[in-house]
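A.B. asks:
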Amino acid sequence: MRVVIVTESFPPDVNGVAHCALQTARHLVDRGHAPLVVAPAPAPGNRLDASAAPCPVVHVPSLPLPGYPQVRVALPSRKLAAALIEHRPDVVHLASPFILGVRGMAAAARLGIPAVAVYQTDLAGYARTYVGAGEAAAWRRIRSVHGAADRTLAPSTASIGDLEAHGVPRIQLWQRGVDTVRFRPEFRDEALRRELAPNGEVVVGYVGRLAPEKQVELLAGVCGLEGVKVVVVGDGPAHAHLTEALPGAVFLGRRTGHDLARIFASLDVFAHTGPFETFCQTVQEAMASGVPVVAPAAGGPIDLVDHGRTGFLVPPRDAGAVRAAVASLVADGGMRAAFGLAARTTVEGRTWAAVGDQLIGHYEDVLAARRPVVAA
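Residue numbers (our numbering): 5 to 380.
1. Would you mind listing the alpha helix (DSSP H) stretches within the segment 191 to 277 that are 4+ residues and don't spill past its ends, in chain order?
2. Does any heavy atom of the ligand MN sit closer than 7 Å to the C-beta of D126?
3. Quick one, are the C-beta atoms of P251 and C227 less than 8 Å apart?
4. Candidates L157, T161, P189: which alpha carbon is nearest R174's?
5. For Q27, which three-state DSSP category applies?
6. So, for S270: in the same chain, excluding its five sequence neighbours on each side, which residues have a beta-carbon less than 6 Å away from its beta-carbon?
7. Please report the Cβ distance between A111 and A153, rounded to the nearest whole angstrom; I am assuming they are in contact, meaning their Cβ atoms lie under 8 Å.
8. Among the residues of its own chain, which have a CB less than 6 Å from the CB of A43, if the five just before and after it don't count?
9. Quick check on this structure: which residue in V359, G338, D263, V318 has the alpha carbon closest to the alpha carbon of A275?
10. Buried or exposed: where does L214 fall if 16 or more other Cβ atoms within 10 Å of its Cβ makes it buried?
11. Are the beta-carbon atoms of T282 and S160 separated by less than 8 Å?
12. Rounded C-beta distance between H170 and R147? I'm assuming under 8 Å.
13. How close, in whole Å, do the beta carbons of V330 and V298 come, if the pair is a contact with beta carbons under 8 Å?
14. When DSSP builds the beta bridges, which residues end up paired with S66?
15. Classify A201 as buried or exposed, calling it buried when 16 or more other Cβ atoms lie within 10 Å of its own Cβ.
16. How is the alpha helix (DSSP H) around G344 delimited, first residue to last?
17. In the DSSP output, which residue or residues are listed as bridge partners for Q176?
18. What does DSSP give as the partner residues of H311 in its beta bridges?
19. Which same chain residues end up closer than 6 Å to G225 when comparing Cβ atoms and leaving out the 5 residues on each side of it in sequence?
20. Can you give the Cα-Cα distance for G381 and F343, rounded to whole angstroms?
21. Please classify E289: is it buried, with 16 or more other beta-carbons within 10 angstroms of its beta-carbon, or exposed?
22. Determine the closest residue to V61 out of P73, P46, Y72, with distance taken between C-alpha atoms.
23. Return no unless some Cβ of chain D is closer than 8 Å to the Cβ of A57.
24. Are the beta-carbon atoms of V340 and V273 separated by less than 8 Å?
25. When you compare only the Cα positions, how much space is there between R114 and P93?
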């Protein structure tokens, strides 16, 4: 089938929406389908190597989000509608629709093309974090675009609950895959560990955007634990604040590919702090790397972390609970090893190929529902 993926973000951006859109396009090509990606243009000089894209990509003019230049916002453009008309898709895939995706939904409706909307970002939570208001407006926009779609795919049971509570219809669960070949325990690197923790400390890591909604400052108490070294991987507008808030922490900046996999596998504990995750891909990547996880009992991590078996779920925004959970793992190497082994075993079947085939099944269901019923 022919598919147009309209996404708010795409590589070279590094975030969950961009990564999922890339994996979706790759899987569609692998299965013999014909995808086309429409995405905001990246910053000048930061374009994805054409050879790294699995399919054609149409870039819509964009501007950096004020105060957060790593995020690009699509400007109004005729290129989106033109791409749909030229590609003649059987279905339009809207990845985390909010700006460009809203226009994609409107264009699909005008052209009579079925649309599948993928809910990936807690925009209402971000509105609370960044402006202290606007949550109701965010939900009105979410409800409008997802309500117009033939099907909404949510990544977690918590997300389904949120969407249903705000009146979004036709929701199905569609979780995310993880690259269990790239992320694996065998990439643990003792030389890297000596570099990060020269005194043999237990290495506790965070990987993700350094932004206010991630609440990475909750790791301040972990920095004070004896025999612990906190390692932070990522970049974003909160970087300067966090270097002060997390004394003694090692900041490695943004890492990708095998370098990132090597860092994940070299951690002893992975700690995630953000309470607004609809899924939380970095938790899965840590688990695939054989690392126990401490995460908030909110959003996507509720489905991912088996409390007391693969890690610990703690009350959101509770620095003391984060510190206590990490401390219990720091003190018990046997527990860390058992949790890490269970974590790896848990995610081994969650490949991108498996979830990609599920997505194609959702497309097929939507197309079947649109076909006219022929009288017997």
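We put the CB at the ideal spot given by N, CA and C, even for glycine.
C.D. replies: Walking through what the data contain:
1. 194 to 200, 224 to 227, 243 to 249, 261 to 269
2. The ligand content of the structure shown is nil, which means the ligand MN is not present either.
3. yes
4. L157
5. The answer is helix: DSSP assigns Q27 an H, G or I state.
6. R192, D193, L196, R197
7. A111 to A153, Cβ: 13 Å. No contact.
8. T11, F14
9. V318
10. Counting C-beta atoms within 10 angstroms of its own C-beta, L214 has 16 or more neighbours from the protein chains shown and is therefore classed as buried.
11. Contact flag set, yes.
12. 6 Å
13. Contact between V330 and V298 is confirmed by a C-beta separation of about 6 Å, below the 8 Å threshold.
14. Answer by DSSP bridge pairing, in chain order: A78.
15. buried
16. 337 to 351
17. L157
18. G315
19. Result list for G225: A323, R327, in chain order.
20. Because the chain spans 5 through 380 in this model, residue 381 falls outside it and cannot be assessed.
21. buried
22. P46
23. In summary, chain D is missing from the structure at hand, where a single protein chain is found.
24. According to the sequence shown, residue 340 is Arg rather than Val. The answer is yes: Cβ separation under 8 Å.
25. 13 Å
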